[in-house]
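This report concerns only the one structure given below.
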Amino acid sequence: MNFLAWMIIACEIGFWVVIASGLVIRYVFKMNKLGLIFLALTPVIDLILLVTTSIDLYRGATASSIHGIAAVYIGVSIAFGKSMIQWADERFQYYITKQGPRPTKRYGLEYAKHYLKGWGRHVIAFLIGAGLLAGMIYFINDASRTEALSGILRLWSIILGIDFLISLSNFIWPTKAKVKQVHSKDR
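In the numbering used here, the protein residues as written are 7 to 193.
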């Protein structure tokens, strides 16, 4: 694996380490401001990956699918970052500190609306990532060096469309809560 692939892995690990550290500092050590500072560091990780990718391409590297994945990662991280932190925060409070309400499971129309909101975030991630991909393609200005980036953009467009169809299917065939069956010996 090349250096950029390792950077993507390191950034993903760093993202969750920063979030976990922020939550531990905030709830276990009761240092709310310091915990929030840690949580606010997550965009710095995206910036590190963006700079690393840019330098690699500036130095003449042929754009590979790894460069495309870096753009996707940054788009997803920016669009979903706040909701991922909120998701982790709710579960940390409930399962680790035994505070706050139990995270709810969504069903039916509530789940469909929530999934559609997630698809909206996916669109934002796509716009950010596609903008980065288009920017790399434009600045490199050599189709032979950016073919992989165009392929990532096409694939992501298809994935976004499939995600939209899944989102619509949740309204047509809503999920239902599982019903617990009572066994004859439990009666």
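Using N, Cα and C, we set each Cβ at its ideal position, and we do this for glycine too.
{"query": "Alpha-carbon to alpha-carbon, residue 65 and residue 112", "result": "48 Å"}
{"query": "Segment contact, 8 Å Cβ cut-off, at least three pairs: the region 68 to 87 with the region 120 to 137", "result": "yes"}
{"query": "Coil, strand or helix - residue 99 by DSSP", "result": "helix"}
{"query": "Boundaries of the alpha helix (DSSP H) in which residue 43 is found, first to last residue", "result": "38 to 46"}
{"query": "Residue 171, buried or exposed, once every other Cβ within 10 Å from all chains shown has been counted against 16", "result": "exposed"}
{"query": "Three-way DSSP call (helix, strand, coil) for residue 183 in this model", "result": "coil"}
{"query": "Member of 165, 94, 126, 62 whose CA lies at the smallest distance from the CA of residue 30", "result": "94"}
{"query": "Per-residue burial, residue 87 [other beta carbons within 10 Å of its own, 16 or more giving buried]", "result": "buried"}
{"query": "Whether residue 127 touches residue 173 by CB criterion (9 Å)", "result": "no"}
{"query": "Coil, strand or helix - residue 107 by DSSP", "result": "coil"}
{"query": "Neighbour-count burial assignment, residue 176, 16 or more Cβ in a 10 Å radius", "result": "buried"}
{"query": "Euclidean distance between Cα positions of residue 39 and residue 32", "result": "7 Å"}
{"query": "Inter-residue spacing [alpha-carbon to alpha-carbon] between residue 100 and residue 163", "result": "37 Å"}
{"query": "Buried or exposed by the 16-neighbour rule on C-beta atoms within 10 Å, applied to residue 85", "result": "buried"}
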